[in-house]
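Asks: Chains as they are written, first to last, in my numbering: chain A, 1454 to 1799; chain B, 548 to 930. Below is the structure I would like to discuss, written out as structure tokens.
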Amino acid sequence: MFKYLKQLTSLVAMVAVLFTFTTESMAAKKSKTLKNTQKKGFVRCGVSQGLPGFSNADAAGNWTGVDVDVCRAVAAAVLGDANKVKFTPLSAKERFTALTSGEIDILSRNTTWTLSRDADIGLTFVGVNFYDGQGFMVRKSSGITSTSQFKNGISACTNIGTTTELNMRDFFNSRGISYEPVAFEKADEVVAAYDAGRCDTYTTDKSGLAAQRTKMKNPDEHIVLPETISKEPLGPVVRQGDSVWEDIVRWSLNTMIEAEEYGITSANADSMKTSDNPQIKRLVGAEGEMGAAFGLDNEWNLRIIKQVGNYGESYKRNIADTGILPDRGPNELWTKGGILYVPPSR
Amino acid sequence: MNFKLKDIGPQLMTVIAVVLVFGFFTYNAQVNMESRGIDFGYGFLSQESSFDVQFSLIEYDGSHSYFRAYLVGLLNTILVSVIGIIFATVLGVIVGIARLSPNYLINKFAAFYVEFFRNIPLLLQIFFWYFAALRALPLPQDAEAMFGVSFLTIKGLYVPAFIWQNFNIFFYSVVAAIIAIIVIRIHAKKLQETQGKQTPVLLISIGLILILPLLSFLIGGVRLSFEVPVLKQLATTSFIYEGGVSLPPELIALALSLSLYTATFIAECVRAGIQGVGKGQKEAAASIGLTPNQVLKLVVMPQALRIIIPPTTNQYLNLTKNSSLAAAIAYPDLVLVFAGTALMQTGKAIEIVSITMFTYLSLSISISILMNWYNKKIAITEK
């Protein structure tokens, strides 16, 4: 019942926002979202309802994960404290409405960047914090080791309201396999139904499969098939129309990735101020005026690195050390064989 | 003239206020959607939906339009509501009468059932039937056959499919039987009114509805055969049944929980209705020589129904609206398919939510009109 209360509140919020007078002046020098955030004293961040490694709350209500760290980075940059974030768990269905209606200011919820989402519904994607792809999980005992062994009549459990549903159709259609899609609203119910034997396979992003596998009754009984059937670049999203806020979120993420590239960590960030490399000095606020254009001070990026850490630290803490995906794969820096490549801070 | 203005003044002001409030809401929604770069329109309904649905009464796949997906969801909502209403009514009437039984055990058991099922939140019951009961069901390969032809498994209930030959002749024979029954009923009523003669209408009716379709088999060339579901292996440990008709476990769990929950309320309506008929009525009816069956049929029920129908209508409406909880267990109803997946894929929140709201409103009003018509029909006409 509780879960539905949340949907209700987001609906009420949506209605409230739609029906209040908001005289938005686009020409405001400072971003309206930034102003509101500083006035409130916390960043409003939409996350998943529990996906280990990306956004997951422990028993005490502390959120961790790489998606969570993006919001923490923004909080460190604009408010000076990475803990000043209010997390709102959202279902796949609710997430975009919550953002466009103004209930949250950043959506950092393993969300795939696609053309139609970027163009259609009043959203702007600011970057990619995890390169993912859709895969399939099956029971080991089924003897299936590749998607080429799928046969007509296979039942597949998944979530509604995601690109997964569309990819799944493309995949099965192009192979001429008839299938039974069983689509739930929440991930926990998908896992429960698959685990009970309702479906032969469970399909979603591979990172999601790896994370959800840890929630199964007996994780060792399941394997993720090697095939990847889609490109799923996951990244944070903001509302269209506030380009300054958009830039702040984009460069908070970029700072984390670039800090790793230059070997700046939460431990050594302060000492890097005296580095000889001007690129490093710019990243820790010791050279140039890197915050002025956002309406921020000059040490916004230093605070991100000190309080949240660089991308590598975040990945290790949340995804590698928790045993979800120890291998970084494409999410390695471009200098180390991955595809993480961000524009320079200068 | 002055008097008239005073009369309609407040009403006029109310109408103006309502129009203004709605106009304001619409204007605001428009301004805010524009400033956020969201465009408004129903054009998406004809676009290709490109997602599949698990269970559909009409032909549908992702190459059809969003409008077709809407119809799929709507029909699934109607299907589960109709099944739910039928079972809830049957069960509700039985339990309602059982609560008035002089038999202590039956009486208390019915009371326990009502108190138990109406006091647990419906969503919880749906989860219980779907997840707890589902886990207890066997995998397809372990399922025991029921009557040798049906299989209840974790993946659903598989029953034989009917394969008809010359189905239309069979259909006409049923229609003919129904028409014949109506004619005989009218005639029997006339006979009773004019000559006081009673005809065994029920027996004749049962005979007609059995004999005419049977004749269609014997001389009409109608053939019926069954397609029994057959186990098929997909992988080492994964099986399904092929052939026959499969009912998804989501539909079964939802229909079951909706019926069990709503039946408790209907049972109370029935009990209230029967108890609402004065004891003196039954005694008076018995004293003029009516048999107990006639007392129930001619005296008690007509008066009890008057009390039962209006609150039962509410329960039918509740059941239909409660069916939207389907989204929690993946039954593809209107909310899951249209207000869920379609809303997500198109981002047309206001359009889709408004269509969905309007659809539920229409469904509810249709049920109301139907039940009001029935209520009026059975109402006691005072002379």
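The C-beta atom is built at its ideal place from N, Cα and C for all residues, glycine as well. Given the structure is predicted, the values throughout are model-derived calculations rather than measurements.
For the 8 Å Cβ check, are there 3 or more pairs between the stretch 691-702 of chain B and the stretch 735-744 of chain B?
Replies: no
Asks: Could you tell me which chain B residues have their CB closer than 9 Å to the CB of A/Val1579, listed as they occur along the chain?
Replies: Going along chain B, no residue has its Cβ under 9 Å from A/Val1579, so there is no contact; the nearest lies around 16 Å.
Asks: At a CB-CB cut-off below 9 Å, which residues of chain A make contact with B/Phe678?
Replies: Glu1642, Ala1645, Ala1646 and Ala1649
Asks: Which residues does DSSP list as the beta-bridge partners of A/Glu1642?
Replies: Answer is none; A/Glu1642 lacks a bridge partner.
Asks: Look at A/Ser1594 and B/Thr784 and say whether their C-beta atoms are less than 8 Å apart.
Replies: yes
Asks: Starting from A/Met1590, follow its DSSP beta bridges and name the residues at the other end.
Replies: A/Tyr1655 and A/Val1677.
Asks: Going by other Cβ atoms of all chains shown within 10 Å of its Cβ, with 16 needed for buried, is A/Asn1784 buried or exposed?
Replies: Its Cβ being crowded by 16 or more others within 10 Å, A/Asn1784 is buried.
Asks: Which bits of chain A does B/Gln712 rub up against, with CB to CB less than 9 Å?
Replies: Think of a sphere of 9 Å around the beta carbon of B/Gln712: no beta carbon from chain A falls inside it, the nearest being about 27 Å out.
Asks: Have a look at A/Asp1511 and B/Glu581 and give me their C-alpha separation to the nearest angstrom.
Replies: 40 Å
Asks: Return the Cβ separation of B/Leu622 and B/Ile644 in integer angstroms, given the expectation that the two are a contact with Cβ distance under 8 Å.
Replies: Not confirmed; about 33 Å, so no contact.
Asks: In the DSSP assignment, the alpha helix (DSSP H) including B/Phe634 goes from what residue to what residue?
Replies: It spans Tyr613 to Ala645 - the alpha helix (DSSP H) in which B/Phe634 sits, taken as one unbroken run.
Asks: Helix, strand or coil: how does DSSP classify B/Val661 here?
Replies: helix
Asks: For my contact list, B/Leu864 and B/Ala873 are in at a C-beta cut-off of 8 Å; report their separation, rounded to the angstrom.
Replies: The Cβ separation is near 17 Å, so there is no contact.
Asks: What's the gap between the Cα of B/Ala896 and the Cα of A/Thr1550?
Replies: Distance from the CA atom of B/Ala896 to the CA atom of A/Thr1550, rounded to whole angstroms, is 7 Å.
Asks: Please report the Cβ distance between A/Gln1587 and A/Glu1711, rounded to the nearest whole angstrom; I am assuming they are in contact, meaning their Cβ atoms lie under 8 Å.
Replies: Approximately 29 Å separates the beta-carbon atoms of A/Gln1587 and A/Glu1711; this is outside 8 Å, ruling out the contact.
Asks: Step through the CB atoms of chain B and report whether any lies within less than 8 Å of the CB of A/Pro1783.
Replies: Nearest CB-CB separation between A/Pro1783 and chain B: not below the 8 Å threshold.
Asks: Quick check: what's the CA-CA separation for A/Ser1569 versus B/Glu662?
Replies: Using only the alpha carbons, I get a separation of about 51 Å.
Asks: What separation, rounded to the nearest whole angstrom, lies between the Cα atoms of B/Tyr574 and B/Gly894?
Replies: 20 Å
Asks: Report the three-state DSSP secondary structure of B/Ala877 (helix, strand or coil).
Replies: coil
Asks: Quick one: Cα of A/Asp1558 to Cα of A/Leu1532, how far?
Replies: Whole-angstrom Cα-Cα distance: 14 Å.
Asks: Within the 8 Å Cβ cut-off, does A/Lys1789 reach chain B?
Replies: no
Asks: Cβ of A/Ala1609 within 8 Å of Cβ of B/Ala877?
Replies: Not in contact: A/Ala1609 and B/Ala877 (Cβ atoms no closer than 8 Å).
Asks: Identify whether B/Glu606 lies in helix, strand or coil by the three-state DSSP scheme.
Replies: coil
Asks: Apply the 10 Å Cβ neighbour rule to B/Pro649 and answer buried if 16 or more other Cβ atoms are within range, or exposed otherwise.
Replies: exposed
Asks: State the start and end residues of the unbroken beta strand (DSSP E) segment that holds A/Thr1577.
Replies: Leu1576 to Phe1578
Asks: Have a look at A/Gln1491 and B/Pro668 and give me their C-alpha separation to the nearest angstrom.
Replies: CA-to-CA, the gap between A/Gln1491 and B/Pro668 works out to about 42 Å.
Asks: Could you check the C-alpha separation between A/Glu1477 and A/Ala1572 for me, to the nearest Å?
Replies: Since pLDDT at A/Glu1477 reaches only 36, below the 50 mark, its modelled position is unreliable, and no value is offered.
Asks: For B/Val642 and B/Ala680, I'd like the C-alpha separation in whole angstroms.
Replies: 23 Å
Asks: Take the Cβ of B/Leu559 as the centre, count every other Cβ of all protein chains shown within 10 Å, and call the residue buried at 16 or more, exposed below.
Replies: exposed
Asks: Contact defined as beta carbons within less than 8 Å: I believe A/Cys1498 pairs with A/Lys1546. What is the distance between those atoms, to the nearest angstrom?
Replies: About 18 Å separates the beta carbons of A/Cys1498 and A/Lys1546, which is beyond the 8 Å limit, so they are not a contact pair.
Asks: Quick one: list the residues of chain B neighbouring A/Ile1597, beta-carbon separation under 7 Å, in chain order.
Replies: Ala782
Asks: A/Asp1695 by DSSP, collapsed to three states: which one?
Replies: coil
Asks: Give the straight-line distance between the Cα atoms of A/Leu1786 and A/Ile1792, rounded to the nearest whole angstrom.
Replies: 6 Å
Asks: Take the Cβ of A/Met1725 as the centre, count every other Cβ of all protein chains shown within 10 Å, and call the residue buried at 16 or more, exposed below.
Replies: Under a 10 Å Cβ-count criterion, A/Met1725 is classified as buried, with 16 or more other Cβ atoms of the shown protein chains found around its own Cβ.
Asks: Could you confirm whether any beta carbon from chain A is found closer than 8 Å to the beta carbon of B/Glu662?
Replies: no
Asks: Taking B/Phe659 as the query, report the chain A residues whose CB atoms sit under 9 Å from its CB, ordered along the chain.
Replies: Residues of chain A passing the Cβ test: none, with the nearest at roughly 24 Å.
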